[in-house]
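Here is the structure we will look at, set down as structure tokens.
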Amino acid sequence: MRIPQNTIEEIKQQSDILDIVSEYVKLEKRGRNYIGLCPFHDEKTPSFTVSEDKQICHCFGCKKGGNVFQFIQEIENISFTEAVQHLGERVNIKVDIEETNDDMHIASDDLKMIQMHEEILSYYHYLLKKTVEGEQALNYLYERGFTDDMIDARKIGFAPDSSHFATDFMEKKGYDLQLGYEAGILSRNDTDFNYYDRFRNRIIFPLANAQGRIVGYSGRTYTEQEPKYLNSPESPIFQKRKLLYNLSEARKSIRQKDEVILLEGFMDVIKADDAGLKNVVASMGTQLSNEHITFLKKLCSHVTLMFDGDFAGIEATMKTGQQLLQQQFNVYVVQLPSKMDPDEYIMKYGAEKFNSFVNTEKKAFVSFKLQQHQHEIQNNDLAYEKYYHMFVEDAALISSHILRNKVVQNASELFKVSADSLNKEVESVHPQQHFEQAGPIPIQTTQWMQHNKYEKAERAILKHFIMDKEVFLSFYQDIDETDFTNEYFKRIFITLREFYSKFDSFTMSEFVTYIDHDILKEVLIYLWDYPLNREPYENEIADYIQVMTEHRYSESIESLHEKLREATRVGDIASQKYFLEMIVNKNRARLKSQE
Numbered sequence: 001m002r003i004p005q006n007t008i009e010e011i012k013q014q015s016d017i018l019d020i021v022s023e024y025v026k027l028e029k030r031g032r033n034y035i036g037l038c039p040f041h042d043e044k045t046p047s048f049t050v051s052e053d054k055q056i057c058h059c060f061g062c063k064k065g066g067n068v069f070q071f072i073q074e075i076e077n078i079s080f081t082e083a084v085q086h087l088g089e090r091v092n093i094k095v096d097i098e099e100t101n102d103d104m105h106i107a108s109d110d111l112k113m114i115q116m117h118e119e120i121l122s123y124y125h126y127l128l129k130k131t132v133e134g135e136q137a138l139n140y141l142y143e144r145g146f147t148d149d150m151i152d153a154r155k156i157g158f159a160p161d162s163s164h165f166a167t168d169f170m171e172k173k174g175y176d177l178q179l180g181y182e183a184g185i186l187s188r189n190d191t192d193f194n195y196y197d198r199f200r201n202r203i204i205f206p207l208a209n210a211q212g213r214i215v216g217y218s219g220r221t222y223t224e225q226e227p228k229y230l231n232s233p234e235s236p237i238f239q240k241r242k243l244l245y246n247l248s249e250a251r252k253s254i255r256q257k258d259e260v261i262l263l264e265g266f267m268d269v270i271k272a273d274d275a276g277l278k279n280v281v282a283s284m285g286t287q288l289s290n291e292h293i294t295f296l297k298k299l300c301s302h303v304t305l306m307f308d309g310d311f312a313g314i315e316a317t318m319k320t321g322q323q324l325l326q327q328q329f330n331v332y333v334v335q336l337p338s339k340m341d342p343d344e345y346i347m348k349y350g351a352e353k354f355n356s357f358v359n360t361e362k363k364a365f366v367s368f369k370l371q372q373h374q375h376e377i378q379n380n381d382l383a384y385e386k387y388y389h390m391f392v393e394d395a396a397l398i399s400s401h402i403l404r405n406k407v408v409q410n411a412s413e414l415f416k417v418s419a420d421s422l423n424k425e426v427e428s429v430h431p432q433q434h435f436e437q438a439g440p441i442p443i444q445t446t447q448w449m450q451h452n453k454y455e456k457a458e459r460a461i462l463k464h465f466i467m468d469k470e471v472f473l474s475f476y477q478d479i480d481e482t483d484f485t486n487e488y489f490k491r492i493f494i495t496l497r498e499f500y501s502k503f504d505s506f507t508m509s510e511f512v513t514y515i516d517h518d519i520l521k522e523v524l525i526y527l528w529d530y531p532l533n534r535e536p537y538e539n540e541i542a543d544y545i546q547v548m549t550e551h552r553y554s555e556s557i558e559s560l561h562e563k564l565r566e567a568t569r570v571g572d573i574a575s576q577k578y579f580l581e582m583i584v585n586k587n588r589a590r591l592k593s594q595e
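Residue numbers (full-length UniProt numbering): 1 to 595.
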């Protein structure tokens, strides 16, 4: 399959790489570029750079990066065609795929599974809103505080009490029922291997991945039917450890606020979102996975836990809070009163009071944890000692100076010690540099730079060649590949010469894509950032070329001198005469090149 080049170019022009990457990575402006933690490998010091001017990204740690299509390919683990389609949907450009004789223009199984979910969901939504069969389920949602806008925005649906609705739908659409079974939409009888609907007589809540594509369902009963919730099983497109409910919708707000609010269930998320909290997500009935934490670390540094107020909710808060604290998040807790969950609180008190409560009752997790043991600390010496040491260890993990000082101040009153002495103990656990915000990893130019006058000339002339094709065409024939002392500069020169011969136009992102070597990409980005912005004078370029050719002559003459010395040592008169003549000729050629 092939996508027309003009479509690819149009999508690329409308897909700003800074906006795209920012949906996955929390970025900070550093000079002309933006920097953040690499989404492709685990790191504590940010080494992932995005250039808005060049429309490229690059990690100086794992070397991954490229243009906007390559970024999406890598982070979504999809093909180039799928990356173009993904970005095309984002900017509302239809991608028509041209068939070729060599390609089997069949969508991947994963994409088919997503399409199945989305097509059937449209019918489920119709059944809920427009049919008598869905009335009871719809009224149940109204009673729970759902509005038509909420239902439509979330595409909530209704699966009828039928074992063959989805099965018949898929057969009519020409879908493979086995694939529907693998996707978790259908179940299968182990005796006769007949397929039937997994979701029956349930309200259907669609589950979207980080890109907003539907990858599963959660079916909720609206009667006394058990179990209350029936989720899609694990499948190639749906893994609970990778999915956070509402992430595709909340990601922008999470990044802007530098905070995510983590709730227990998706009903809570829907209600909280409708109440005005746009940075809310929920895990799918599981504790946070390493994948969840890794993804959130790219978006924010603050996490607020707002779980149910019952015993199980407090237990989950303690476990999840500790998990996040150890990953250097600034962790907070909001505990709703009377063992209520957010859904119940909003139903009883309304959105305005809910928002006010969240904003005023937020407390540091370390303080919340200590509060759970307050009675023991005040009445039991062994408990005092135990929780004192526990607090010191926990407080040392808080990355924010301000938050840590506040937590220490509050704890000092409970432990009846001075804040200064308690703070000294906390800082003694982890040295101060542990908390400092790490800066970007600099390019390790010492691995491939010598910083002599020859490489300075090579660097400058390459920068001019990259910036202006006309300058390249005017001077490139005066340079030989062997004039470069830096092997990487030489290879960029060769590749640039090849690129200019094939393409009329030049953009940095296209050239980075053209280069198929990680270190060369790193060197290229270094060259682009090299401060040389003015137009070159003609004699300046000539001077650079002279320095480069001078090195070639110097190397050659030095080699001849070495051979002359060896000929002299062994007493070879004829060779001595020959090498002397060669040295004279090389010196004449060098002087002539400088005229």
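The beta carbon of each residue, even a glycine, is placed where N, CA and C say it ideally should be.
* residue 137: buried (16+ other C-beta within 10 angstroms of its C-beta) or exposed? -> Mapped onto the sequence shown, residue 137 falls at position 137. Counting Cβ neighbours within 10 Å, residue 137 comes out buried, since at least 16 surround it.
* Residue span of the beta strand (DSSP E) that contains residue 29, given as start and end -> Numbered from 1 along the sequence shown, position 29 holds the residue referred to as residue 29. Unbroken beta strand (DSSP E) run through residue 29: 28 to 30.
* Which partner residues does residue 189 have in the DSSP bridge list? -> Taking the sequence shown and counting its residues from 1, the one referred to as residue 189 is at position 189. Answer is none; residue 189 lacks a bridge partner.
* To do: Take residue 52 and list the residues in its own chain whose beta-carbon comes closer than 6 Å to its own, dropping the five residues that flank it on each side.
  => Counted from its first residue, the sequence shown places residue 52 at position 52. Excluding residues within five positions, the ones whose Cβ falls inside 6 Å are 18.
* To do: Taking only the alpha-carbon atoms, compute the straight-line gap between residue 96 and residue 44 and give it to the nearest angstrom.
  => The residue labelled residue 96 in the question sits at position 96 within the sequence shown. The residue labelled residue 44 in the question sits at position 44 within the sequence shown. Spanning the two alpha carbons is a distance of roughly 42 Å.
* **Candidates 507, 586, 225 and 115: closest to residue 12 by CA position** => If you number the sequence shown from 1, residue 12 lands on position 12. Closest option to residue 12, Cα to Cα, is 507.
* Asked: To the nearest angstrom, how far is it from the Cα of residue 219 to the Cα of residue 201?
  -> Residue 219 sits at position 219 when you count from the first residue of the sequence shown. Residue 201 sits at position 201 when you count from the first residue of the sequence shown. A direct Cα-to-Cα measurement between residue 219 and residue 201 gives close to 9 Å.
* **Sub-8 Å separation of residue 145 and residue 398 beta-carbons** => For the purposes of this step, residue 145 is identified with residue 145 of the sequence shown, where counting begins at 1. For the purposes of this step, residue 398 is identified with residue 398 of the sequence shown, where counting begins at 1. Against a cut-off of 8 Å, the Cβ pair of residue 398 and residue 145 comes out as no contact.
* Note down the Cα distance separating residue 273 from residue 495, rounded to an integer number of angstroms. => On the sequence shown, position 273 is the one that residue 273 refers to. On the sequence shown, position 495 is the one that residue 495 refers to. CA-to-CA, the gap between residue 273 and residue 495 works out to about 51 Å.
* Proximal residues to residue 503 (C-beta, below 8 Å), its chain only, five neighbours per side dropped -> Here residue 503 refers to the residue found at position 503 of the sequence shown. These residues qualify, in order along the chain: 510.
* **Secondary structure of residue 184, DSSP reduced to three states** => By one-based count along the sequence shown, residue 184 stands at place 184. Residue 184 falls in the coil class under three-state DSSP.
* Alpha-carbon spacing of residue 266 relative to residue 174, whole angstroms -> Translated into the one-based positions of the sequence shown, residue 266 becomes position 266. Translated into the one-based positions of the sequence shown, residue 174 becomes position 174. So the alpha carbons of these two residues sit roughly 32 Å apart.
* Among 264, 428 and 550, the one whose alpha carbon lies nearest that of residue 396 -> In the sequence shown, counting from the first residue as 1, residue 396 sits at position 396. Ranked by Cα distance from residue 396, the options 264, 428 and 550 are led by 428.
* To do: Please say whether residue 277 and residue 320 have beta carbons closer to each other than 8 Å?
  => What you label residue 320 is simply residue 320 of the sequence shown in a count that begins at 1. What you label residue 277 is simply residue 277 of the sequence shown in a count that begins at 1. No. Outside cutoff.
* To do: Check the C-beta distance from residue 60 over to residue 49 and give it rounded, since I have them as a contact under 8 Å.
  => To locate residue 60, count along the sequence shown from 1; it is residue 60. To locate residue 49, count along the sequence shown from 1; it is residue 49. The beta-carbon separation of residue 60 and residue 49, rounded to 7 Å, stays under the 8 Å limit for a contact.
* Asked: Taking the Cβ atom as the reference point for each residue, do residue 270 and residue 113 lie within a distance shorter than 8 Å?
  -> Taking the first residue of the sequence shown as 1, we reach residue 270 at position 270. Taking the first residue of the sequence shown as 1, we reach residue 113 at position 113. In this structure, residue 270 keeps its C-beta atom at 8 Å or more from the C-beta atom of residue 113.
* Go to residue 284, then tell me how far its alpha helix (DSSP H) extends in each direction, as first and last residue. => Counting from one through the sequence shown, the residue named residue 284 turns up at place 284. DSSP places residue 284 outside any alpha helix (DSSP H), giving it a letter other than H or E.
* What's the gap between the Cα of residue 75 and the Cα of residue 187? -> On the sequence shown, residue 75 is found 75 positions in, with the first residue counted as 1. On the sequence shown, residue 187 is found 187 positions in, with the first residue counted as 1. Each residue's Cα considered, the two are about 31 Å apart.
* Measure the Cβ-Cβ separation of residue 248 and residue 212 and say whether it is below 8 Å. => Within the sequence shown, the letter at position 248 stands for residue 248. Within the sequence shown, the letter at position 212 stands for residue 212. Less than 8 Å separates the beta-carbon of residue 248 from that of residue 212.
* To do: Could you pull out every unbroken alpha helix (DSSP H) segment of at least 4 residues lying fully inside the segment 118 to 144, listed in chain order?
  => Taken in chain order, the complete alpha helix (DSSP H) segments of 4 or more residues contained in the segment 118 to 144 are 135 to 143.
* Would you kindly work out how many angstroms separate the C-alpha atoms of residue 336 and residue 309, rounded to a whole number? => Your numbering for residue 336 matches position 336 in the sequence shown. Your numbering for residue 309 matches position 309 in the sequence shown. So the alpha carbons of these two residues sit roughly 6 Å apart.
* Cβ contact (3+ pairs, closer than 8 Å) linking the segment 357 to 376 and the segment 398 to 412 -> In this structure the segment 357 to 376 lies against the segment 398 to 412, because at least three pairs of beta carbons, one per stretch, are closer than 8 Å.
* State the DSSP-derived secondary structure class of residue 340, mapped to helix, strand or coil. => Counting from one through the sequence shown, the residue named residue 340 turns up at place 340. Residue state, collapsed to three classes: coil.
* To do: Measure the C-alpha to C-alpha separation of residue 558 and residue 16 and round it to an integer number of angstroms.
  => The residue you call residue 558 lines up with position 558 of the sequence shown. The residue you call residue 16 lines up with position 16 of the sequence shown. In a straight line, the C-alpha of residue 558 is about 52 Å away from that of residue 16.
* Helix, strand or coil for residue 175 per DSSP? -> The residue you call residue 175 lines up with position 175 of the sequence shown. DSSP places residue 175 outside both helix and strand once states are collapsed to three, so it counts as coil.
* Can you tell me the Cα-Cα spacing of residue 524 and residue 66, whole angstroms? -> Numbered from 1 along the sequence shown, position 524 holds the residue referred to as residue 524. Numbered from 1 along the sequence shown, position 66 holds the residue referred to as residue 66. Straight-line Cα distance between these residues: approximately 12 Å.
* How do the segment 341 to 360 and the segment 379 to 394 stand: do at least 3 beta-carbon pairs fall below 8 Å, yes or no? -> Note that the segment 341 to 360 does not touch the segment 379 to 394; fewer than 3 beta-carbon pairs, one per stretch, sit closer than 8 Å.
* **Unbroken stretches of the beta strand (DSSP E), 3 residues or longer, contained in the segment 228 to 290** => Segments of the beta strand (DSSP E) lying fully in the segment 228 to 290: 229 to 231, 259 to 263 and 280 to 283.
* **Assigned exposure category for residue 439 - 16 Cβ within 10 Å defines buried** => Taking the first residue of the sequence shown as 1, we reach residue 439 at position 439. Note on residue 439: pLDDT 36, under 50, position unreliable in the model; the coordinate value appears next. A residue is called buried once 16 or more other Cβ atoms fall within 10 Å of its Cβ, and residue 439, having fewer, is exposed.
* Beta carbon of residue 167 nearer than 8 Å to that of residue 195 -> To locate residue 167, count along the sequence shown from 1; it is residue 167. To locate residue 195, count along the sequence shown from 1; it is residue 195. Going by C-beta atoms, residue 167 is nearer than 8 Å to residue 195.
* To do: Starting from residue 312, trace the alpha helix (DSSP H) both ways and give me its first and last residue.
  => For the purposes of this step, residue 312 is identified with residue 312 of the sequence shown, where counting begins at 1. First-last of the alpha helix (DSSP H) with residue 312: 311 to 325.
* Option in 192, 208 and 204 with minimal Cα separation from residue 160 -> The residue you call residue 160 lines up with position 160 of the sequence shown. Ranking the options by Cα distance to residue 160, first place goes to 204.
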